[in-house]
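Below: the structure, in structure tokens.
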Amino acid sequence: MPPDIEAARQIGIGAAQAYVDRHPFDVADSLGVRVNRVDHDHLVAGLRLRAEYDYDARKIVLYRHGIAELGEHGEAIAVAHELFHHLAATDDTIASKLRAFSRSTRAGVEEAAAHAFATEWLRLTIDPATPNIS
Ligand SMILES: [Zn+2]
């Protein structure tokens, strides 16, 4: 694993400690982030998107069909992942850690951190490269 990605994962794992034992939906609510479920598919480069975070609207969109592929905890996994993107945009501590990475790698770093955040939070074991949650 490249060092940047391992460093990114540590940011996600560290950030998750504040939320362990809380449900992602409750945390979204307390952070003022709405969660909307939609039935239509959203394909990006041929991949079915599972969820996305809309910064301007402070909203997480869950694509039901894509989420279903994640299994019974799909919604919790997706909301946790997207909440990291919310924190990356709104939490100064997390944002400053991400800014330490070069601009060209930052999107990939944030994805790896978001995945590690969700995985640690929900105590699941998922290959960090697997889910195409953006
Ligand atoms: Zn993501």
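Take any residue in the sequence shown, note its place counting from 1, add 25, and you have its number in the numbering used here.
We put the beta carbon where it would ideally sit given N, CA and C, even for glycine.
*asked:* Given 7 Å as the limit, tell me if H67 has its C-beta closer than that to any heavy atom belonging to ligand 1.
replied: The residue you call residue 67 lines up with position 42 of the sequence shown. Because no heavy atom of ligand 1 lies under 7 Å away, the Cβ of H67 does not count as near it: no.
*Same chain, Cβ closer than 7 Å to D152, five either side skipped, listed in chain order*: To locate residue 152, count along the sequence shown from 1; it is residue 127. Since pLDDT at D152 reaches only 44, below the 50 mark, its modelled position is unreliable, and the value read off the structure follows with that caveat. Answer for D152: no residue qualifies.
*Are the CB atoms of F142 and A41 nearer to each other than 8 Å?*
Here residue 142 refers to the residue found at position 117 of the sequence shown. Here residue 41 refers to the residue found at position 16 of the sequence shown. Cβ distance < 8 Å, so F142 and A41 count as in contact.
*Is the beta carbon of H106 within less than 7 Å of some heavy atom of ligand 1?*
By one-based count along the sequence shown, residue 106 stands at place 81. For ligand 1, at least one heavy atom lies less than 7 Å from the Cβ of H106.
*When DSSP labels each residue in this structure, what does A125 get in the three-state scheme?*
Translated into positions along the sequence shown, residue 125 becomes position 100. Note: A125 maps to coil in three-state DSSP.
*asked:* Using 8 Å as the threshold, is the C-beta distance between L74 and H67 below it?
replied: Within the sequence shown, residue 74 is the residue found at index 49, counting from 1. Within the sequence shown, residue 67 is the residue found at index 42, counting from 1. At a Cβ-Cβ threshold of 8 Å, L74 and H67 count as neighbours.
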